[in-house]
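Participant: One structure coming up, written as structure tokens, with questions to follow.
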Amino acid sequence: MHSGDDAAISITNLSKVFTRGGGALNRMRGKGARHTVAVDNVTLEVREHELFGLLGPNGAGKTSIIKMLSTLLIPDSGSATVNGWDILADPFRVRMSIGLTLSSERQLYWKLSAKENLEYFASLYLLRPAEIRERVDMVLHDLGLEEQQDMLVENFSSGNRQKVALARALLNDPPVLFLDEPTIGLDPSFSQSFRTLIKKTINEAEKKTILLTTHYMEEADQLCDRVAFIDRGSIVAIGTPADLKRSIDEKEILTLALSSAPVEMVQRIQRVEAVSHVECQERDGRPILKVYTDSASSCMQDIVGIVTSAGIHILSFTTAKPTLEDVFIKLTGSGLDV
Amino acid sequence: MYDDIGSWDRAVREVYAIRYIFHKELKLWKRYPSRILFMLLMPFLSILSLYFQGMGLVGSTTSSAFADVAGTTEYLVFIILGSALFIFVSTAIWGIGNSIRREQMMGTLESLWVAPASKMTIFMGIALFDGLFSAYVAFMQLLLSSLLLPVNLLVPQALVAVLITFLLMFALYGMGFMFTGLVLIYKEIEDFTNLITQTIRMMTPVSYPLSVLPAPVAFLALFIPHTYALEAIRGYMGVGATHSLGYYVLVLLAFDVAFIATGSRLFHYADTRARRRGEIATH
């Protein structure tokens, strides 16, 4: 790494506000500019060889942070270094130090083969021809793409396209990788194998520092050494998944899928002695009640009694330990599927 | 992998990248067969169209009336040379911007922008492909004209035309950088570029001499490098009066420096603006 400390990525008070519609024409029409706070005074550090997750709903500011770190977006204020290089003062060195995959499927040339794509991008990473041949062969082998290397990308599955994008991000053997929603749109079994590839091969074996964004709670829980929750541009909590889950006082969560959930009934459940907090969400058009409690067994009967006496059907009923999503909901008051 | 890269080493690597960019453009071009058909037929159809236009207007490939305004009776040679050189103008002005717009629409632009290679390297790779495409079309126009029509354009003086065209290209690509900057700001600028291309065609002596234009328009044409390149090429090909070769070389070099410097600055401004507003990849 360039600098002496052990932070591969260091962000201090980074902020970004997007302004739209502030042109002269709009002013003449009497329309003012619209300001959207994308990133609000974010400070965090990612250690060398760490797999760090930015977890938050769509529009929370995760991608904006990654784009600023990868020099695609200029921050309004604050500073950041990647691999010891300042993102504003030395963007060239930052680009030399990183690999990036974006969530879009169209980040490759579909009319070129996987190998042609990789050779082309390797040249843009300023590898010499001999290095290009060596690195392209290596990443194709490491990611299990050798047999499909001459196939046009347009004929690949979504999962294998994402693999080619990951291979591209590894071409320059960067110490730092940014993965923006790496498993979005992938089927569950491929997502699982892709996560294993990221964790075991890229992070643990190749010792890459990885900053990934996701709104999949289980992905962050499974992969990340540490996680930062981000909501409306601000970091609301940072820690290991285990620490964050321990931060919830309540030990158990009852989840009830109901035929309906009138406000009076929810208020009655909230008043049950062992209940500390009730969240009402909607999933597939059905109300879902999440009841946070220290002891599910001591309040279960009361809750069931309140629901049935209101003439409401209980469609399913589960008890579980808190997940990262529960922590996020507790901290922000909203879920991740926003 | 290359923490210790020096400026000379980087320059060499950027040159290698230009080669790969050229090959990528070529591969993508070849994957669409209609483009190959267009390339084969375009020079042939364009010179026939000029020939029939000339025959329709004056009934011959030469015209004494034309000599009164252009200083030469060789009407057909005059417009074929104008047309051949204009291929370079239209391709250079719109080529890089169009390519960057295509990357934006395909979703690959951010992947290019995050790579360490200089943007100018990316542009040079695209320009090399476009330049060779233009050179092919122009050469085929001259070759087919010499083979099929009663004119001979494959003369030794054509080498001077190659030099002049080479010098013109830098100024044209400076204009191309400006339009690429406009793509980053305004995205869809095809109509605007067409307007500019047609305006340049109207203002410069592509199909007619400057002397037929109103004086203010003819004056403005003096600020367009293409005007001088056309005058020089026609002069050395024997269809028009000319200054010395040194004069044209100096004038074109001055345009090269001015347009490349202005184009690069404008592009840099547009790139910074787009990165500040988060609009690199927006449509």
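Order-wise, the sequence lines are chains A and B.
Going by this note's numbering, the first sequence opens with residue 7, and the numbers climb by one from there.
Going by this note's numbering, the second sequence opens with residue 41, and the numbers climb by one from there.
Just so you know, even glycine gets a beta-carbon here, dropped at the ideal spot from N, CA and C.
I'd like to check one pair, G84 of chain A with S16 of chain A: are the Cβ atoms closer than 8 Å?
Facilitator: It is not a contact, given that the beta carbons lie outside the stated cut-off.
Participant: With 8 Å as the C-beta to C-beta threshold (strictly closer), list the residues of the region 176-188 of chain A near chain B in chain order.
Facilitator: N178, D179, P180
Participant: Let me check one thing: in DSSP terms, what residues is R112 of chain A bridge-paired to?
Facilitator: Beta-bridge pairing links R112 of chain A to no other residue.
Participant: Name the two residues that bound the continuous beta strand (DSSP E) containing H283 of chain A.
Facilitator: 281-289
Participant: Can you find a CB in chain B that lies within less than 8 Å of the CB of M102 of chain A?
Facilitator: yes
Participant: Look up L118 of chain A in the DSSP assignment and say whether it is helix, strand or coil.
Facilitator: coil
Participant: Buried or exposed: V344 of chain A, going by 16 or more other Cβ atoms within 10 Å of its Cβ?
Facilitator: Here the model assigns V344 of chain A a pLDDT of 47, short of 50, so the residue's position is not dependable and the matter cannot be decided.
Participant: Return helix, strand or coil for L40 of chain B, following the three-state DSSP convention.
Facilitator: Summary: the structure shown does not reach residue 40 of chain B, with chain B confined to residues 41 through 323, and so no result is reported for it.
Participant: For K68 of chain A, collect the residues of the same chain with a Cβ closer than 7 Å to its Cβ; drop the 5 residues on either side in sequence, then sort them by chain order.
Facilitator: These residues qualify, in order along the chain: L60, G62, T219, I236.
Participant: V242 of chain A to F24 of chain A, Cα distance in whole Å?
Facilitator: 21 Å
Participant: Do S247 of chain B and S122 of chain B count as a contact pair if the criterion is CB distance below 8 Å?
Facilitator: It is Gly, not Ser, that sits at residue 122 of chain B in the sequence shown. Closer than 8 Å, so yes.
Participant: In chain C, which residues lie less than 9 Å from T77 of chain A when you measure between Cβ atoms?
Facilitator: Looking at the structure shown, chain C is missing, and the protein chains on hand are A and B.
Participant: Nearest to R305 of chain B by CA position, among B:F219, B:G278, B:S284, is which residue?
Facilitator: B:F219
Participant: Quick check: the region 196-211 of chain B against the region 93-111 of chain B, are there 3 or more CB pairs under 8 Å?
Facilitator: no
Participant: Do V291 of chain B and Y268 of chain B come within 8 Å of each other at the CB atom, strictly closer than that value?
Facilitator: yes
Participant: Are the region 154-161 of chain A and the region 172-184 of chain A touching by the rule of at least three beta carbon pairs closer than 8 Å?
Facilitator: no
Participant: Considering Cα atoms alone, identify which of A:T77, A:D186, A:F98 is closest to Q168 of chain A.
Facilitator: A:D186
Participant: Keeping to the same chain, check which residues put their C-beta closer than 6 Å to that of R40 of chain A; ignore five residues upstream and five downstream.
Facilitator: The beta carbon of R40 of chain A is closer than 6 Å to those of R26, G27 in its chain, skipping five residues each way along the sequence.
Participant: Apart from the five residues just before and just after E150 of chain B, which ones in its own chain have a Cβ nearer than 8 Å to its Cβ?
Facilitator: I320, A321
Participant: Hey, how far is the Cα of S163 of chain A from the Cα of I208 of chain A?
Facilitator: 21 Å
Participant: With DSSP collapsed to three states, give me the class of Y287 of chain B.
Facilitator: Residue state, collapsed to three classes: helix.
Participant: Quick one: list the residues of chain B neighbouring E122 of chain A, beta-carbon separation under 8 Å, in chain order.
Facilitator: K64, K67
Participant: In angstroms with no decimal places, state the Cα-to-Cα distance between R59 of chain B and L212 of chain B.
Facilitator: 21 Å
Participant: Output yes if chain B places a C-beta closer than 8 Å to the C-beta of L330 of chain A; else output no.
Facilitator: For L330 of chain A, the answer is no, since every Cβ of chain B falls outside 8 Å of its Cβ.
Participant: Under three-state DSSP, which class holds Y248 of chain B?
Facilitator: coil
Participant: By the 9 Å beta-carbon criterion, what residues does the region 29-62 of chain A contribute toward chain B?
Facilitator: Cβ contacts with chain B: A44.
Participant: How about G214 of chain B and I136 of chain B: are their beta carbons less than 8 Å apart?
Facilitator: no
Participant: If I follow the unbroken beta strand (DSSP E) through Y298 of chain A, where does it start and stop?
Facilitator: 292-299
Participant: Whole angstroms are fine: how far does the CA of L79 of chain A sit from the CA of S70 of chain A?
Facilitator: One C-alpha to the other measures close to 7 Å.
Participant: Under 7 Å Cβ-Cβ, which residues of chain A neighbour E114 of chain B?
Facilitator: Ordered by position in chain A, no residue passes the 7 Å Cβ test against E114 of chain B, which lies about 44 Å from the chain.
Participant: Return the first residue and the last residue of the beta strand (DSSP E) that T18 of chain A is part of.
Facilitator: 13-26
Participant: Closer than 7 Å, Cβ to any Cβ of chain B: which residues of the region 215-238 of chain A, in chain order?
Facilitator: none
Participant: Does DSSP classify L321 of chain A as helix, strand or coil?
Facilitator: strand
Participant: Between B:F263, B:Q181, B:G286, B:R71, which lies nearest to F299 of chain B when the distance is taken from Cα to Cα?
Facilitator: B:F263
Participant: Would H266 of chain B pass as an interface residue toward chain A - the criterion being a Cβ-Cβ separation below 8 Å?
Facilitator: no
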